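One point on numbering: in the working numbering, the residue at position 75 of the sequence shown is 58, and numbering is uninterrupted.
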Amino acid sequence: PRASRTVPFLSKVTGVPMVTLATNAALGHSLAEQGFPSGLLPNRPLFAVKAPVFSMAKLPAVDAVLGPEMKSTGEAMGIAQDLATAQYKAFLSTMQELPPDGAALCSIADADKAEALPIMRALHGLGLTLYATDGTARLLRESGIPATIVQKLRDGHPNVVDVIHAGDVQLVVNTVSVGGRLGGDGPGVPLRDGYEIRRASVERRIPCLTSLDTARALVQALRAWRREHRSQVAVLGEYVGSTVSPGVRA
């Protein structure tokens, strides 16, 4: 983790001024002299989630898929007394709009289909209509989950990009196919379709998830929102001090 981003996050969550402590320690003052004894601080009854912020829409032709290089341009923090609500706040802060209802487009690589099935089942259970490419739709139907098939780019209209630009979907889950070549026919076609799906999502400001771990976390967050239909709001000091006032809600 980058210290320039992680240290402020940790300081806010723990209430420990880490930069000040480190500076004073470098100047010869021990932690004990600064009022911090050895050992671990007591646990706090809260969860904090750090989520990246991206500016893909401002960068033409950039693929939204993530890799080892850093593409985020900022971060947001969601904080709550349970993990799912903290995740919901983090998603709400970093995505253009969370889909409490509507539809999701699912295009899942073959290697990820088994892992993705429970996530897609959960999205359907949350009331989202599912659009899917042929292979993913076949898996859903075989599992008793209704899905509307959308064409791949080379197969006509309406295709995967058409439903995004038409505003028919409010969420995209697209995992990356490995190998092949971009463009033309053959094994590279899923790669090209995946790029066009992700790019169209960015341009339409529709949340696009390329990691099943993130999709799973979003399901948990949406379940928390459906359960509460509201989030507790408090200033950071109240959370850190564990004195969240009951009844303050949004």
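For each residue, glycine too, the CB sits at the ideal point set by N, CA and C. Model, not experiment: these values are computed from the prediction.
Residue nearest to residue i in terms of C-alpha spacing, selected from the options
i, options, result
"threonine 131", "Leu29, Glu98, Asp117 and Arg181", "Asp117"
"methionine 60", "Glu125, Asp84, Ala(-14) and Pro35", "Pro35"
"alanine 31", "Gly(-2), Leu10, Ala15 and Val48", "Gly(-2)"
"serine 184", "Glu52, Gly57, Asp145 and Ser(-13)", "Asp145"
"aspartate 138", "Gly127, Asp176, Leu154 and Asp151", "Asp176"
"glutamate 179", "Val48, Pro129, Leu205 and Leu24", "Val48"
"tryptophan 208", "Val(-10), Lys72 and Arg(-15)", "Lys72"
"serine 194", "Ile102, Asn142 and Ala115", "Ile102"
"isoleucine 62", "Arg210, Val(-4) and Leu136", "Val(-4)"
"glycine 57", "Arg(-15), Gln134 and Met1", "Arg(-15)"
"glutamate 196", "Leu100, Ala8, Val2 and Asn7", "Correcting the residue type first, residue 196 is aspartate in the shown sequence and not glutamate. Per the Cα distances, Leu100."
"glutamine 134", "Ala115, Ala149, His148 and Phe19", "Ala115"
Residue i (DSSP reduced to helix, strand or coil)
i, result
"leucine 113", "strand"
"asparagine 7", "helix"
"lysine 54", "coil"
"arginine 164", "Caution is warranted here: a pLDDT of 40 is assigned to arginine 164, below 50, making its placement in the model unreliable, and the coordinate value is therefore given only provisionally. Coil at arginine 164, not helix or strand."
"proline 129", "coil"
"proline 35", "strand"
"valine 155", "strand"
"isoleucine 102", "helix"
"methionine 78", "coil"
"phenylalanine -8", "helix"
"leucine 91", "According to the sequence displayed, residue 91 carries isoleucine and not leucine. Three-state DSSP puts isoleucine 91 in coil, outside helix and strand."
"isoleucine 189", "coil"
"glycine 61", "strand"
"alanine 207", "helix"
"glutamine 17", "coil"
"alanine 149", "coil"
"alanine 217", "coil"
"leucine 23", "coil"
Rounded Cβ spacing between residue i and residue j (contact assumed at less than 8 Å)
i, j, result
"leucine 75", "leucine 66", "Not a contact, Cβ separation roughly 15 Å."
"asparagine 157", "arginine 182", "That pair is no contact at about 11 Å."
"glycine 85", "glutamine 153", "4 Å"
"glutamine 64", "leucine 29", "6 Å"
Alpha-carbon to alpha-carbon, residue j and residue i
i, j, result
"phenylalanine 37", "lysine 54", "7 Å"
"valine 216", "threonine 77", "17 Å"
"serine 21", "alanine 69", "29 Å"
"asparagine 26", "leucine 4", "20 Å"
"arginine 124", "leucine 88", "15 Å"
"leucine 113", "aspartate 151", "10 Å"
"leucine 14", "leucine 24", "13 Å"
"glutamate 52", "histidine 140", "35 Å"
"arginine -12", "aspartate 46", "24 Å"
"alanine 92", "glycine 127", "20 Å"
"glycine 220", "serine -6", "12 Å"
"alanine 120", "valine 155", "14 Å"
"glutamine 17", "tyrosine 222", "23 Å"
"valine 143", "valine 159", "15 Å"
"valine 2", "phenylalanine -8", "12 Å"
"lysine 33", "valine -10", "12 Å"
"alanine 8", "valine 218", "30 Å"
"alanine 149", "arginine 206", "27 Å"
"isoleucine 147", "arginine 210", "28 Å"
"proline 0", "histidine 12", "14 Å"
Residue-chain proximity (residue i, chain C), Cβ-Cβ < 9 Å
i, result
"leucine 113", "The displayed structure is made up of one protein chain only, and chain C is not part of it."
Is there contact here, the segment 197 to 205 with the segment 98 to 116, by at least three beta-carbon pairs under 8 Å? yes
With contact counted as at least three CB pairs below 8 Å, one residue from each stretch, are the segment 95 to 102 and the segment 176 to 191 in contact? In the pairwise beta carbon analysis, the segment 95 to 102 is classified as not touching the segment 176 to 191: fewer than three pairs are separated by under 8 Å.
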